[in-house]
Amino acid sequence: MTILMKHTGKPPKNSSNRTPIRAKSASKGKAGGPKTAPKSGSGPKGAPRGEERTGRHTAQREARKDTRPAKAGTKAGVKSGAKGQGRGEESRSEFRPKDQTKPRSGARTEAPRGTSRGEPRAERGSFDKKPHQGKSPDYKPREVRFEKPRGDKPIREPRAPREPRQSLGPRANMFGLHAVREAWLNPKRYIHALYLSESTEATFAPVLELAISRGLERPEPRVIAKDDFERLLGRDAVHQGIALSAAPLEETFIQDILSIGANKERSVILILDQVTDPHNVGAILRSACAFGADGVVMQRRHAPEIEGVLAKTASGAADHIPVAYETNLSRTLETLKEAGYVAIGLDEHADQTLAEIDIPQKSVLVLGAEGDGMRRLIREHCDALITLPTKKPINSLNVSNAAAVALYALLN
């Protein structure tokens, strides 16, 4: 065949400097053609997928495959028929399906618990009841042993179940003889319940008669046991056999305290800067009421409630001296200064003592917390800083004791 090509001035692709394309081998694929095996590695490089590329190593692998017996039912067994036959004539007749009844190797069979595989249950023995997991067939439950009497000792009988305790009533928030007495006689107090012990009932009887004579509406007292007091107040409360459930007093403001000292010749108001210990606060209220102070101001955020230990430590003073809660103590000091009061701060590191200053007619005594003392902003709002003249080795006093000494010097 002659191929006509257009003359372009360039050599054709199939020129003498390239290897010419060879014709396809006719060794296999056409019926009646010669079946001569070419030399090793002589097959075409880009031969299509139907053409065979036979070499020395390929022929050896094919010879080994022919000598292996083919398994029935596998892909190789289907293909291992006479050459020239289609898939599924004699080779498909040799195929045998798997026996579905025969278990696979390594597969678990459904056998009853306690028997080996394939062994009937009767040969291994059986339980009359449901077998217990992890127990042997000879397992017997432990016998329950009852207590037997020894000699004349009778059999111990089980304890009878306790009867459920009845509710005692409203929660008690005040306790102690003096604190309860003053709250019971205070007409501004609303009382929910009064709890007495058998020994305190006779002692508190005159107070009950005094309240009746004053026309105060009070509930009937309830006599309870000692264990009930522990339920109401806890084991650590020193209740003295008397407790009270009362509503808090009406809120007091700084203007109410100013109105009390407006017509007095000498007036003293206390400001507690973050004094949070209820024992100290209760003792300060007791001293303030005893020496004649007009009121106590505490910070609303850092102040204990006037009940419980605080009320007992105050010994009834909480119902007589007004207590105001303010948010900003610095602003409260400015309000008191505008009303004519002089702010005096009690500081153990101050340079002058209380005797070295002129005591004003109206003064505000500022007390700080133990350890930290007054805060910086509160100290800057004070007109004078004083200390108490103490001697070594004790250079300072408790805040409640210092308040008592300072109140005595300011009011006498």
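For the sequence shown, position 378 matches number 454 in our numbering, and the numbering has no gaps at all.
Ideal Cβ positions, reconstructed from N, Cα and C, are used throughout, including at glycine.
Coarse secondary structure for residue i, derived from DSSP in three states
i    : result
G449 : strand
G153 : Residue confidence for G153 is low, a pLDDT of 47 falling below 50, so the modelled location carries little weight and cannot support an answer.
T389 : helix
T466 : coil
V314 : coil
K340 : coil
S439 : strand
G371 : strand
R298 : strand
N356 : helix
N262 : coil
F280 : coil
N477 : helix
I454 : helix
P380 : coil
K413 : helix
S472 : coil
Residues sharing a beta bridge with residue i, DSSP
i    : result
T408 : Paired residues: none, contrary to the question.
T20  : Because the chain spans 77 through 488 in this model, residue 20 falls outside it and cannot be assessed.
F251 : A319
D349 : G444
A269 : S321
E461 : Going by the sequence as given, residue 461 is Leu instead of Glu. Looking at the DSSP assignment, L461 forms a beta bridge with G421.
T429 : T463
T328 : A400
Minimum C-alpha distance to residue i - residue among the options
i    : options                : result
E432 : S363, V357, I462       : I462
N262 : K340, L325, E306       : L325
P398 : I288, T328, N356       : T328
Q316 : P282, E274, S335       : E274
N339 : S363, I347, V442, D370 : D370
A379 : C365, D395, S363, A400 : A400
D434 : L486, G444, V385       : L486
L286 : A259, D395, G368, C458 : A259
A322 : E381, I300, R247, V385 : R247
I333 : H396, V283, R137       : H396
G447 : T352, C365, G368       : T352
D312 : Y271, T408, F251, A366 : F251
N488 : L441, A394, G368       : G368
R407 : I330, R298, L244, F280 : I330
R443 : I470, C365, L284, N474 : As written in the sequence, residue 443 is Leu, which differs from the Arg given in the question. It is N474 whose Cα lies nearest to the Cα of L443.
A319 : R290, A426, G245       : G245
A394 : A445, E138, A364       : A364
L346 : S472, L405, S289       : L405
Y484 : I288, E383, A366, I382 : A366
I300 : T276, S289, I288       : T276
R451 : S472, V440, P436, D423 : D423
Burial state of residue i (16 or more Cβ within 10 Å)
i    : result
Y69  : Nothing in the structure corresponds to residue 69, since the chain is present only between 77 and 488.
N249 : buried
A419 : buried
G449 : buried
G122 : Because the pLDDT of G122 is 48, which lies under 50, any placement of that residue in the model is unreliable, and the question is left without a value.
Q350 : buried
E414 : exposed
K468 : exposed
A343 : Note that residue 343 is Ser in the sequence shown, not Ala. By the 10 Å Cβ count, S343 comes out buried.
P354 : buried
E341 : exposed
G337 : buried
E410 : exposed
H457 : buried
K302 : exposed
T403 : exposed
L453 : exposed
V385 : buried
S476 : buried
A278 : exposed
K438 : buried
Y271 : buried
D214 : exposed
I470 : exposed
V314 : exposed
E381 : exposed
Chain D contact for residue i (CB, 7 angstroms cutoff)
i    : result
A480 : Of the protein chains in this structure there is only one, and it is not chain D.
Heavy atom of the ligand FAD within 6 angstroms of residue i beta-carbon
i    : result
A431 : Although the ligand FAD was asked about, the structure shown includes no ligands whatsoever.
Q) With contact counted as at least three CB pairs below 8 angstroms, one residue from each stretch, are the region 381-395 and the region 250-265 in contact? A) yes
Q) Using 8 angstroms as the threshold, is the region 259-270 in touch with the region 293-308, meaning 3 or more CB pairs across them? A) The region 259-270, when compared against the region 293-308, does touch it at the 8 angstroms Cβ threshold.
Q. Does the region 419-431 come close enough to the region 455-473 to have 3 or more Cβ pairs within less than 8 angstroms?
A. yes
Q) Do three or more CB pairs link the region 302-317 to the region 364-382 at distances below 8 angstroms? A) no
Q: Answer yes if the region 356-372 comes into contact with the region 467-480, meaning at least three C-beta pairs across the two stretches below 8 angstroms, and no otherwise.
A: yes
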